[in-house]
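Right, one structure below, let's go through it.
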Amino acid sequence: MNKKKLIANGQLILASAIWGFAFVAQRVSMGIVGPFTFGATRYMLGALTLYMLILVLRSKGQEYVIDKGAVKGGIACGVFLFCGSSLQQIGLVYTTASKGGFITTLYIIIVPVLAGIFFRKKISLKVWVGVILAIMGLYLLSFSGAVEDINIGDVLVFGGSFLWAGHIFAIDHYVNKYEPLVLSMVQFMFASVVSGVMALILETVEITAILSAAVPILYAGVLSAGVGFTLQMMGQRHTDPTIASMILSLEAVFGAVGGFLLLNERMTARELIGFVLIFAAIILAQLPEKKREFE
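Structure representation (structure tokens):
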């Protein structure tokens with residue numbers, strides 16, 4: 008593995024860690040503000056964070072052009088971001104957090120399937136084995152007992168997993184054409200505006216409620232959105248989308264760690280086995296091949 012890919016994989020792992028702990032922020036804020044209010048404030052903070060960073064970098068001589076193509080690319084990514092995160096957040100109102108986490112990360116198997124169907128990309132056997140291991144690991148990590156009957160929340164979150172897969176493909180398409188910081192800023196601006204409109208139409212927006220949820224919103228906005236999604240875009244510049252989706256599935260693992268450290272949740276032997284299977288899947292997907300099958 009060359010240095011660029013090693014750095015890219017590290018960026019994706021860091022992004023998954025930030026997102027994993029963001030599940031704690033989402034769970035805390037769910038009882039305080041509505042899903043669209045949460046999304047609007049979260050992505051507004053993400054956009055402002057990146058805008059200020061771009062201004063600082065410009066003052067040091069670096070050029071960040073916000074042209075028509077970058078805006079279109081950012082909006083395309085923003086459509087998937089808004090729809091995916093909204094379905095996830097709304098779905099979590101009706102289903103359990105563990106089931107929601109498992110269903111969301113099904114994008115790790117949706118990505119290679121869609122790549123084969125729509126882009127005719129051949130995927131190596133070790134990647135498919137890794138996908139199976141990751142699915143098994145996520146199942147053990149997220150389900151503590153028998154699977155409950157499917158409800159509307161499960162359906163919404165499952166629909167969101169297809170949109171997260173689409174988000175990965177959209178990033179893969181645009182990230183080598185435009186600056187990741189610019190793409191991220193535009194997608195957050197788009198998601199924030201649309202979420203804000205939906206919040207005004209469907210929810211009661213209260214400043215006091217937003218202030219009460221300030222800490223989780225700040226984490227989700229500045230770190231999860233501003234930093235996490237930008238790391239994803241930077242990492243995907245040098246990482247295959249199928250491999251990227253598998254690395255990003257580590258957010259479920261880090262989410263469990265966050266629950267243990269911050270919400271006093273405890274891991275069972277079953278869940279620890281899930282940890283091992285997921286890490287095994289990530290390592291397997293990164294092993295070098297004699298012949299490249301998927302570039």
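Read the sequence shown against my numbering and you will find it ends at 302, with the numbers running on by one and no gaps. All C-beta atoms in this analysis are idealised placements derived from N, C-alpha and C, irrespective of residue type, glycine included.
Per DSSP, what kind of secondary structure is Leu291 in: helix, strand or coil?
helix
With a threshold of 7 Å (Cβ to nearest heavy atom), would Ala263 be considered close to the ligand SAM?
Although the ligand SAM was asked about, the structure shown includes no ligands whatsoever.
Thinking C-alpha only, which one of Glu258, Phe267, Leu269, Leu270 is nearest Tyr114?
Glu258
Ser131 in three-state terms, based on DSSP
coil
Cutoff 6 Å; reference Ser219; Cβ partners in own chain excluding five residues on either side
Ile39
Opening and closing residue of the alpha helix (DSSP H) in which Ala227 lies:
Segment: none, Ala227 is in no alpha helix (DSSP H) and carries neither H nor E.
Ala29 versus Ser36 - alpha carbon distance
10 Å
Is it true that the CB of Tyr101 sits closer than 8 Å to the CB of Gly46?
no
Reduced DSSP secondary structure (H/G/I, E/B, other) of Ala259:
helix
Grouping DSSP H, G and I as helix and E and B as strand, with all else coil, what is Phe286?
helix
Helix, strand or coil at Leu268 [DSSP, three-state]:
helix
Using a Cβ distance threshold of 8 Å, determine whether the stretch 17–32 contacts the stretch 254–270, with at least three qualifying pairs required.
yes
Taking the C-alpha atoms as reference points, what is the distance between Leu238 and Ala251?
12 Å
Does the distance from the C-beta atom of Leu190 to that of Gly80 stay below 8 Å?
yes
Should the stretch 276–290 be regarded as contacting the stretch 136–149, the criterion being three or more beta carbon pairs within less than 8 Å?
yes
How far does the alpha helix (DSSP H) with Arg65 in it extend, from its first residue to its last?
42–66
Straight-line Cα distance separating Met240 from Val201
22 Å
Host alpha helix (DSSP H) of Val212 (start-end)
First-last for Val212: undefined, no H or E at that position.
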